[in-house]
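Following: one structure in structure tokens, then a few remarks.
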Amino acid sequence: MENLKKRTWAEISLKNLEDNYRSIRAHLPAGTRFLGVVKADAYGHGALQVAHLLEKCGADYLAVSCLDEALELRDGGVTMPILILGHTPTRFTEILIENNLTQTISNKSKAERFDRACERLGKKLKVHIKVDTGMSRLGFLCSGDMFEEGIENMAASCRLKNLDCEGIFTHFAVSDEPGEENREYTLTQFRLFTDVINALSDRHGISFRLRHCSNTGAVVNYPEMSLDMVRPGYLLYGYGDPENRIGVKPCMRFVSTISTIKHYPAGTAVSYGCRYVTDRRTRIGVLSCGYADGLPRAASGKCTFTGPQVGSICMDMCMIDITDHPEVKTGSEIELFGAENDIHKLAEAAGTIPYELLCSVTKRVCRIYKQDGI
Ligand SMILES: *Cc1c(COP(=O)(O)O)cnc(C)c1O
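Residue numbers (the working numbering): 59 to 432.
Here's what the structure looks like:
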């Protein structure tokens, strides 16, 4: 096992994760519940490991994207409440109920289909109503002219007798972006969300135990929007807090090793496409990490890992120029991102965001869980 790990691995600091959880909690209004988002294998950190830690720390809820992710947690012994944020076909209603999973309901016809499936089973399904306040993705429409109809549709869904409507939520589109326009957009989304909640209560006598809307951006920038529960993902893993208001630390360190070192004369073409040609006598290290490990090919020639990365990033390897780094030897560890190499730099080089890099670290990259920091 030790040898296997000596190629490319991701160190995950459980200490940083626990510290992040506590720092976020400390920043929230007293009594706010905490839902940890562990979809996409906990943003690459390992859903089961993260879920067990959150359970131990006293988090209140987990969220995943789909039924398979929820079942992985249940099969792994996680007993805390789990919300499925995405779509689940109604033919899986019995599996949802048997596993005590909470399903998102995003429109009236889905609510009715779940209700009929529950009727046949003679059992109730726990659900959260999803409101589309401006993300324009999942959720009941309710902005502008659609408000009245939206309220009626949500009320009708909540009244279905086989659905236990525990919660209601919405999702922000620009809560993490600076600028007055984005602030205005987020405030409008929040106002619409509270208008919906009030209309359901005043006109229909419907109330919810868990009202939630705060993703990472809102937890950091709008703690006053915390309501009953917050729903951060990215922040928990140590990102999305550029002004260090909460003081979270990255939990993942992506590391590879130098497999071979070679010297080439000037004029030597390197890697597929021969797109890079040495302009001096060059010492090249072959790094055991490629796009099949999660190193984006789009970053080819635009990033630096100790020395500049040169030539196309291959499936399993890439090359770095270590002419100016005589200390790098065969077997040396090279950090791709982590404490020393800010993930934002690699994300920018690849034309993406750190979220995508975290989720892109592939299955063959061994996760090594550490009790200390990284
Ligand atoms: C992914 C997701 C979150 C978490 O978003 P972060 O930006 O990672 O905090 C919260 N709510 C929903 C509905 C999501 O899909």
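Backbone N, C-alpha and C fix where the C-beta goes; we use that ideal spot for every residue, glycine too.
Cβ neighbours of residue i in the same chain (closer than 7 Å, five flanking residues each side left out)
i           : result
residue 223 : 185, 187, 216 and 266
residue 305 : 81
residue 417 : 98, 101 and 102
residue 360 : 407
residue 279 : 233
residue 134 : 106
residue 325 : 335 and 336
residue 129 : 157
residue 159 : 128, 140 and 142
residue 270 : 93, 225, 227, 285, 286, 287, 288 and 289
Paired residues, beta bridge with residue i - DSSP
i           : result
residue 69  : 311 and 426
residue 391 : 315
residue 188 : 227
residue 362 : 366
residue 343 : 319 and 378
residue 270 : 227 and 287
residue 148 : Note: residue 148 sits in no beta bridge, so no partner.
residue 140 : 120 and 159
residue 334 : 328
residue 222 : 184
residue 198 : 189
Straight-line gap, residue i to residue j (C-alpha atoms, nearest Å)
i           : j           : result
residue 355 : residue 370 : 7 Å
residue 346 : residue 327 : 19 Å
residue 366 : residue 404 : 12 Å
residue 396 : residue 424 : 16 Å
residue 348 : residue 284 : 40 Å
residue 429 : residue 72  : 5 Å
residue 138 : residue 132 : 9 Å
residue 84  : residue 108 : 19 Å
residue 237 : residue 421 : 38 Å
residue 377 : residue 336 : 12 Å
residue 435 : residue 114 : The shown model of the chain, from 59 to 432, leaves out residue 435, and the question about it has no answer.
residue 168 : residue 146 : 10 Å
residue 263 : residue 213 : 9 Å
residue 198 : residue 117 : 28 Å
residue 74  : residue 106 : 17 Å
residue 261 : residue 208 : 13 Å
residue 165 : residue 380 : 56 Å
residue 241 : residue 275 : 11 Å
residue 125 : residue 303 : 34 Å
residue 153 : residue 383 : 56 Å
residue 258 : residue 206 : 11 Å
residue 394 : residue 386 : 15 Å
residue 151 : residue 172 : 7 Å
residue 282 : residue 87  : 8 Å
residue 332 : residue 341 : 17 Å
residue 444 : residue 248 : Since the first residue shown for the chain is 59 and the last is 432, residue 444 is missing from the structure and cannot be characterised.
residue 415 : residue 253 : 37 Å
residue 221 : residue 290 : 26 Å
residue 410 : residue 174 : 43 Å
residue 59  : residue 65  : Low confidence applies here, because residue 59 scores a pLDDT of 46, under 50, leaving its location unreliable and the question unanswered by this model.
residue 235 : residue 229 : 14 Å
residue 293 : residue 202 : 32 Å
residue 374 : residue 351 : 7 Å
residue 104 : residue 288 : 21 Å
residue 362 : residue 316 : 14 Å
residue 398 : residue 364 : 10 Å
residue 339 : residue 323 : 4 Å
residue 413 : residue 358 : 19 Å
Cβ-based neighbour list, residue i, same chain, cut-off 6 Å, excluding 5 preceding and 5 following
i           : result
residue 308 : 296
residue 121 : 93, 95, 141 and 143
residue 319 : 343 and 388
residue 353 : 347 and 371
residue 24  : Limits of the chain in this structure are 59 at one end and 432 at the other, which puts residue 24 out of reach.
residue 321 : 341
residue 79  : 115
Other residues of its chain near residue i: CB distance less than 8 Å, five sequence neighbours each side excluded
i           : result
residue 243 : 192, 231 and 232
residue 156 : none
residue 426 : 63, 67, 68, 69 and 70
residue 313 : 66, 67, 68, 69, 391, 392, 393, 394 and 396
residue 136 : 106, 109, 110, 113 and 120
residue 195 : 229
Chain D within 9 Å of residue i, Cβ atoms only
i           : result
residue 268 : The chain inventory of the structure shown lacks chain D, comprising one protein chain alone.
Note down, one range per segment and in chain order, each beta strand (DSSP E) of at least 3 residues found wholly within the segment 74-131.
-> 91-95 and 119-122
Under 5 Å, CB to nearest heavy atom of ligand 1: contacting residues | 95, 143, 229, 273, 274, 289, 290, 291 and 292
Please specify which runs of the beta strand (DSSP E), each continuous and at least 3 residues long, are wholly inside the segment 235-271, giving them in chain order.
-> none
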